[in-house]
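Protein chains in written order, with this note's numbering: chain A, 1 to 281; chain B, 282 to 562; chain C, 563 to 843; chain D, 844 to 1124.
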């Protein structure tokens, strides 16, 4: 069980989302309300676009709530697009290579959920990867394998379609091993331009996922809120669970749905339908 | 807010108390029930008597629930007397020198609670220490200062009396700075022979503290419990909160009370009454 | 590049070998003399047999010279058989799952050296493992892969023969990928009863490896040395580089040689000859 | 023993100085040439001015050479003024609160060297601090005490004069305890506008310290070096030891000398003369 959030919009001091929001992601590392567990203290990660050729990554095995470096970075980095993930390990070791986001080139990837009976499927799934990617898997999580499978199946061309094939492949592999509901997931993906999010579980009950409402709606509902006055049309948040209890601020993303957030804050929704892919193919 | 436990009795594989008990101290690092917070994830420490001249100490800034080394040590160390502490930092940094237990010579010290407005009192309290001890304070917690004050005021001769003077000194110093209720505490102390525990708060509402009932009582209440059949008369546990919900197994230590556990499991109780000591004295 | 040592003999306080020897393994973490680099500061590990069902392991990503917990454990653990390894990472991440020794059941494994062009061979080598072991690989080092291959090829029945097959398999796999000299190694293996060590490199120039001379020889050469007076016939050390410069104390293990140390200190030498095994087989 | 460097000039990607220079500070963490020890592996720190109200700080107890987060930050942060420090601990614990730079408000402070017999002087020196600062000392190094003394004695008004008083105070305190040569130091100080450096030791033999030559000189000597073609007049480096062996690039700062680097790269030198201050005063 984990929690994640993504920001896409005006360049934003990262601490605004991590520390200065009422139930921000760092608070969720200690007091998650909608997760399987309230505590997500097995490391965390931050990936951000800004200076430099590709996104930066800061990952740590300390709980997010107690890491002074995260507080420093968040207070000194501005970014128009970033993802943060707080981790609750379920079996795999607490090490930086198991912390999200995962990165390849300009792409970042986070995941809340799991592959069921991953130890049964791990070998077959790793064999289904592009052999050229195999040696770059440095950790031992299911998520890293999902990411490399998605890269193998076209993530950089069409992320949602690639994830539909990836989930299809994992479900097929699961069935071959007697695992009925192989995938439990909310995924976050970014390439520096756009942001994608998927909510899907093989059993139909995926982890919670929300998108911020559009700015016009926010301003109509809360005309006096100074935070919303600073918001621009292009700002969009995707979160595992809402930062605040304000009604009208958050739209739940339905089960089996993918969303794309483009520059300017445009949010597109479409159904997410796994495409069966045989791991032998 | 923290949680601690101490074992005094037959040589015991440490994991029996840390991992194999239903609501043991490692479970309390994630799910404390009686503390101010359920999470005690800001490091932990284990001090044990056994091989070697003085007690051994293992301290880590990882949460106890996720540290593979703690699991290893607990599975491979037997000890007749050990203390474990899981920490919830309130302000001071998460670093090994702030993890309990603290040690000097053969003595170990743990604390659940705090000195109120410690930043106001820290200088005066450190000046009240034996100057020869001053340079050995390596961390920045209130507890380490309490320990060195207690050493200054006779801990190694009479631990309870020294703690009464120490608490008196802190309360006096507090009053001089306008701090009404300076001390909130349960303390644990050991020297390799005996174990002492104190429950005391300046405002009368100290953190919870329990002692295991004597073995005869346990056997009468649970004649069929295999765990209690292995227990001997000399076994005694002191815990911040009970490991299990079994009635009759745990005796609450009253407010403002000190207990001494001697070899053989004898448990003596006495009132704990702070003795005013001026920090100028 | 790394350094390791193993003790097999009378129960020994571990600090005697790690800290109290003139050029012990912890000193080698900072000042190795015979390695490719003087610094082995990318984590370390200790595996020891003693209390508990299987050997204990303590692994840390801190440099061995600066880890206070290692000093504590070494001062409080006695063991008749233990291995210690200090790591100089060459490419793979500094994480506990990449620290040696590796363990399975009662078996421990350490390695100084590398598989050349491991990123080219990693996939084929992991496919050659027993599929049931695949999901238990948690780190990303070449050594862990060597260990699981050796387990696949019979380590628990005949460790030297299994390592000959393992090295043969790696060399074959290397050749298939155009890697001429795939293996550079000194290996250490233990099962709680015996200790095995191998010195072998595909190019004929393996890392240094030494065994302590037998006790009779030591006493004849240094009749007045109190340390050697305490030594018994059954004590034997295997080390990457000698702890001291005393002549006559250390016997270099020749290239392409395997040694077995049995209880009582008996040391047997035999040639080490890789056996070609096809990874398809 | 430690090594540090400071950059003052055009906004610079930090990795240029840390990783892309031939003998940059990260290389010095493993292979220092002019220090008492080649290895500075007991943590490190980076302080930089840029986005945010005050300078950012990233400190870690990992060796600088092996910390993936440092590599990430260095590749994604640009700053016109930053300091980096790699640490070789001499006695005090390896913990983030003992890593340099230290910070107060807009001020950063680094130190290479030590206070002799610090354990004898620590109490008197901490008593000489402004009592309001006492509780903010979170670590246990001599350097943090020097910094808070300098703050007490006017660092924010006139850093060099304050350090002269601070060193004078420490030397006086040393003499009172029978310590002949109390201070061994190169200091680095910054406030976001200017950069100050001091080379001074009580015994006249302070650690090495160098400033980069001015850009005109560099271009005359190396007209074809592309790196120097990008340099501007305002760029200035202060380093414990030169990054490269190019003659004419580095000017040694003499013993008992303070330098000030102002915006535009102007470097002023003056003698550094400790001013006796009684700690009772």
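A virtual CB, placed ideally from N, CA and C, is assigned to each residue, including glycine.
Is it buried or exposed, residue i, if we count other Cβ atoms within 10 angstroms and call 16 or more buried?
i               : result
residue 950(D)  : buried
residue 131(A)  : exposed
residue 1116(D) : exposed
residue 526(B)  : exposed
residue 804(C)  : buried
residue 439(B)  : exposed
residue 463(B)  : buried
residue 704(C)  : buried
residue 18(A)   : buried
residue 742(C)  : exposed
residue 66(A)   : buried
residue 407(B)  : buried
residue 1091(D) : exposed
residue 833(C)  : exposed
residue 1095(D) : exposed
residue 1097(D) : exposed
Check the C-beta distance from residue i over to residue j and give it rounded, since I have them as a contact under 8 Å.
i              : j              : result
residue 711(C) : residue 690(C) : 6 Å
residue 750(C) : residue 672(C) : 4 Å
residue 154(A) : residue 162(A) : 4 Å
Do you know how far the Cα of residue j is from the Cα of residue i?
i               : j               : result
residue 233(A)  : residue 698(C)  : 48 Å
residue 878(D)  : residue 1061(D) : 26 Å
residue 914(D)  : residue 45(A)   : 15 Å
residue 576(C)  : residue 593(C)  : 20 Å
residue 848(D)  : residue 926(D)  : 6 Å
residue 495(B)  : residue 612(C)  : 32 Å
residue 651(C)  : residue 657(C)  : 10 Å
residue 573(B)  : residue 942(D)  : For residue 573(B) there is no data in the structure shown, the boundaries of chain B being 282 and 562.
residue 560(C)  : residue 731(C)  : One cannot answer for residue 560(C) here, as it falls past the ends of chain C, which runs 563 to 843.
residue 620(C)  : residue 609(C)  : 6 Å
residue 1027(D) : residue 1045(D) : 6 Å
residue 760(C)  : residue 828(C)  : 16 Å
residue 393(B)  : residue 306(B)  : 13 Å
residue 1067(D) : residue 906(D)  : 35 Å
residue 770(C)  : residue 564(C)  : 11 Å
residue 324(B)  : residue 585(C)  : 33 Å
residue 830(C)  : residue 754(C)  : 17 Å
residue 826(C)  : residue 139(A)  : 41 Å
residue 508(B)  : residue 297(B)  : 10 Å
residue 988(D)  : residue 603(C)  : 29 Å
residue 729(C)  : residue 617(C)  : 25 Å
Does any residue of chain C bring its CB to less than 7 Å from the CB of residue i?
i              : result
residue 338(B) : yes
residue 986(D) : no
residue 873(D) : yes
residue 123(A) : yes
residue 550(B) : no
residue 882(D) : yes
For residue i, decide whether its Cβ has a neighbour in chain D, counting only Cβ atoms nearer than 7 Å.
i             : result
residue 75(A) : yes
residue 52(A) : yes
When you compare the CB of residue i with every CB in chain F, is at least one pair closer than 7 Å?
i              : result
residue 977(D) : No chain F is present in this structure, whose protein chains are A, B, C and D.
For residue i and chain A, any beta-carbon pair shorter than 7 Å?
i              : result
residue 323(B) : yes
residue 279(B) : Here chain B has residues from 282 to 562 only, and residue 279(B) is not among them.
residue 859(D) : no
residue 624(C) : no
When you compare the CB of residue i with every CB in chain B, is at least one pair closer than 7 Å?
i              : result
residue 983(D) : yes
Worksheet item: Where are the beta strand (DSSP E) runs, 3 residues long or more, that stay fully inside the stretch 310-349 of chain B, in chain order?
Response: 325-330 and 337-341
Worksheet item: Along the chain, which unbroken stretches of the alpha helix (DSSP H) at least 4 residues long are found entirely within the stretch 439-503 of chain B?
Response: 440-457 and 496-502
Practice prompt. Starting from the N-terminal side, write out each stretch of the beta strand (DSSP E) that is 3 residues or longer and does not extend beyond the stretch 912-967 of chain D.
Written response: Correct list: 921-930, 945-947 and 950-958.
Item to complete: Note down, one range per segment and in chain order, each beta strand (DSSP E) of at least 3 residues found wholly within the stretch 1075-1113 of chain D.
Response: For the stretch 1075-1113 of chain D, the continuous beta strand (DSSP E) assignments of 3+ residues that do not extend past its boundaries occur at 1079-1082, 1093-1095 and 1100-1104, in sequence order.
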